[in-house]
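Shown next, in structure tokens, is the structure this report addresses.
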Amino acid sequence: MLRVYHLLLGAILLVVMPLGAKFVLPQFSTKVEKPNSVVKPTVGNSSQTTPAITPTPVEENIWKKILGTTSAPNGWEVFPCQGNAPLLCVSSQGEILGTIEVGIYPVNNNPDFQKNLIASGIPLGSKIDYQSPKYQNQVLTALKNWVADLDTTLAKDRQSSYGKKIIFSAYPPQELQIGKLQGLRYGFVGLKQEGGVQEQHIGHVAFDGTALYVINTAFDPGSVTGKFEKLENLAIFQPYLDAIAANLNLPV
């Protein structure tokens, strides 16, 4: 997505009531159907976004390397988009419904996350031990602090952009598996005062000892990539995205 804050994607299904009614914000759904096999890319994609910290450049779409077993609603397909932009396409009957964006951010270029690691008890350059419960807990602590810092930045950004017109609400991160890594799902939603959803973002983040993996998608009219055009399609796909994240080939 073209916004700096796109790292940041909202993590919750919304049940949208008619205008004037209250919004119900339920827990994430985790019910998915039987996984489908990976479909080869056949459809083009939008241009890549530019986050605050430049991710590692790649010569081809990184999803071709990290995508494992996929799952999707009946009649939907999931595949790496054409080109080298790091986008995963979701389509139905030949129509692109949305894209999911991934960024890989080396910790050496991320001083803020370096502080999160040190504060959690992980010295820079320390040996990685994926099997150690202590190490896993330290990583999760660092990731939670990263999300908290992000939420603070987003809240200030939205207050400046929307004032009181949009209600910004971030959600507590939830632990989940991302490939072989411990990670978090996080996000936020912007609700219109008069009723309706302005934007909703869903994000997944994991750390492999050398880099952050940030996976985002959203319903956001202001975004170009890493988004779904319709809120209801994002809501339908969200639990399948969790399943896809759990089966990623990470660490690379």
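Throughout the sequence shown, residue numbering follows the working numbering, covering 1 to 252 in sequence. Note that the Cβ used here is the ideal one computed from N, Cα and C, for glycine as well.
Status (buried if at least 16 other CB within 10 Å, exposed otherwise) for residue i
i           : result
residue 130 : exposed
residue 137 : exposed
residue 116 : buried
residue 93  : exposed
residue 208 : buried
residue 147 : buried
residue 252 : exposed
residue 80  : buried
residue 127 : exposed
residue 266 : For residue 266 there is no data in the structure shown, the boundaries of the chain being 1 and 252.
residue 75  : exposed
residue 221 : exposed
residue 18  : With a pLDDT of 32 at residue 18, under the threshold of 50, the modelled position of that residue is not reliable, and the figure given next carries that caveat. Residue 18 should be labelled exposed.
residue 109 : exposed
residue 156 : exposed
Check whether residue i and residue j have beta carbons under 7 Å apart
i           : j           : result
residue 197 : residue 234 : no
residue 183 : residue 201 : no
residue 178 : residue 73  : no
residue 144 : residue 173 : yes
residue 240 : residue 71  : yes
Nearest-angstrom Cα separation, counted from residue j out to residue i
i           : j           : result
residue 244 : residue 225 : 19 Å
residue 217 : residue 199 : 11 Å
residue 139 : residue 132 : 11 Å
residue 247 : residue 69  : 6 Å
residue 219 : residue 190 : 10 Å
residue 112 : residue 125 : 15 Å
residue 84  : residue 99  : 14 Å
residue 203 : residue 82  : 22 Å
residue 119 : residue 215 : 24 Å
residue 97  : residue 238 : 13 Å
residue 150 : residue 165 : 21 Å
residue 107 : residue 250 : 16 Å
residue 89  : residue 160 : 32 Å
residue 78  : residue 95  : 12 Å
residue 212 : residue 142 : 11 Å
residue 154 : residue 171 : 12 Å
residue 103 : residue 86  : 7 Å
residue 152 : residue 168 : 11 Å
residue 158 : residue 194 : 17 Å
residue 229 : residue 101 : 14 Å
residue 163 : residue 223 : 20 Å
residue 176 : residue 59  : 29 Å
residue 64  : residue 105 : 18 Å
residue 134 : residue 242 : 25 Å
residue 39  : residue 205 : Low per-residue confidence applies at residue 39: pLDDT is 33, beneath 50, and the placement is therefore not dependable, though the value from the model is reported in the following sentence. So the alpha carbons of these two residues sit roughly 24 Å apart.
residue 114 : residue 192 : 36 Å
residue 121 : residue 66  : 29 Å
residue 61  : residue 185 : 23 Å
Beta-bridge pairing of residue i - partner residues as DSSP gives them
i           : result
residue 244 : Residue 244 pairs with nothing; no bridge assigned.
residue 76  : 92
residue 212 : 105, 207
residue 228 : 98
residue 199 : 190
residue 219 : 200
residue 87  : 101
Next on the checklist: Which runs of the beta strand (DSSP E) at least 3 residues long sit entirely within the region 110-197? Give them in chain order.
Outcome noted: Runs of the beta strand (DSSP E) spanning 3 or more residues and lying entirely within the region 110-197 occur at 166-178, 181-192, in chain order.
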